[in-house]
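Only one structure is covered here, and it is reproduced in the block below.
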Amino acid sequence: MIPAARRRGRVGVLVVSLVFGVTTSAPAGPASDQLKVGIDKVIHVLADPSLKGTAKAKQRRDALHEIAGPLFDWSEMASRALGRHWQPRTEAERQEFVRLFHDLLERSYLTTLERYNGERVAYGTESIEGEQATVRTQVFNKAGQQFPVDYRLVRRGDRWLVYDVVIEGVSLVANYRAQFDQIIGTSSYEKLVDKLKSPS
């Protein structure tokens, strides 16, 4: 369904950068530290010889799902992606949308984790304002090209959870919000839900 191929590639990189952020170039902070804990666990799964190959795909992806899922605040991401259309929704509709949005991202980008090709991530600065934080990184590919990827996180109790990723200045959440708003504006919220349930 959404997004377009070019955007899919760039967002795919964000998943790789989240998983393979193994090079530190600045002192870590609490948000960065918690990201790295999840990163190390994912790397362990991807490097496990007993989980490699097509025959182990389901087992491998189940393990990645269990580890990567808790790194994100899916409700926060979903509500921001739906934007002004979130408030009129009933609680049942909100719960359904969070699940569908979660499934969309996982369905679209989980396979990217299995296509790591030597990308390297350098951590930069971390800034915290109240209950929100931004962790700045630079992604380097094998050709030596680099581009910025920033992670926006929100504090939930004693944890920091990702609610948006900004790739070269383009917000993942804002990208989806524009697409969702267009579908709802030209059709209806129900049509958007139908599209999320039956992606093409």
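Just so it is clear: in the sequence shown, position 157 is 171 by the numbering used here, and no numbers are missing.
The beta carbon of each residue, even a glycine, is placed where N, CA and C say it ideally should be.
Treat the numbers as computed from the prediction; the structure is a model and nothing was measured.
Pair within 8 Å by beta-carbon distance, residue i and residue j
{"i": "ASP195", "j": "GLY97", "result": "yes"}
{"i": "PHE154", "j": "GLN160", "result": "yes"}
{"i": "GLN48", "j": "ARG166", "result": "no"}
{"i": "LEU85", "j": "LEU186", "result": "no"}
Residue i at chain C interface by Cβ criterion, 8 Å
{"i": "GLY199", "result": "Of the chains in the structure shown, none is chain C; there is only one protein chain."}
Among the options, nearest to residue i - alpha-carbon criterion
{"i": "ARG113", "options": "LYS55, ASP172, ARG169 and GLU90", "result": "GLU90"}
{"i": "LEU206", "options": "PRO63, ALA95 and LYS50", "result": "ALA95"}
{"i": "ARG103", "options": "LYS211, SER202, TYR165 and LEU65", "result": "SER202"}
{"i": "ARG191", "options": "PHE111, THR68 and TRP174", "result": "PHE111"}
{"i": "GLY83", "options": "LEU119, SER64 and HIS99", "result": "LEU119"}
{"i": "ILE197", "options": "VAL187, ALA188 and LYS209", "result": "LYS209"}
{"i": "LEU60", "options": "ALA77, ALA69, VAL51 and LYS50", "result": "ALA77"}
Buried or exposed (CB count within 10 angstroms, at least 16 for buried), residue i
{"i": "GLN109", "result": "exposed"}
{"i": "VAL179", "result": "buried"}
{"i": "SER93", "result": "buried"}
{"i": "THR200", "result": "exposed"}
Neighbourhood of residue i by C-beta distance below 7 Å, restricted to the same chain and skipping five residues each side
{"i": "SER46", "result": "TYR137, GLU140 and VAL149"}
{"i": "HIS116", "result": "TRP88"}
{"i": "ARG170", "result": "ASP87"}
Other residues of its chain near residue i: CB distance less than 8 Å, five sequence neighbours each side excluded
{"i": "GLN73", "result": "LEU65"}
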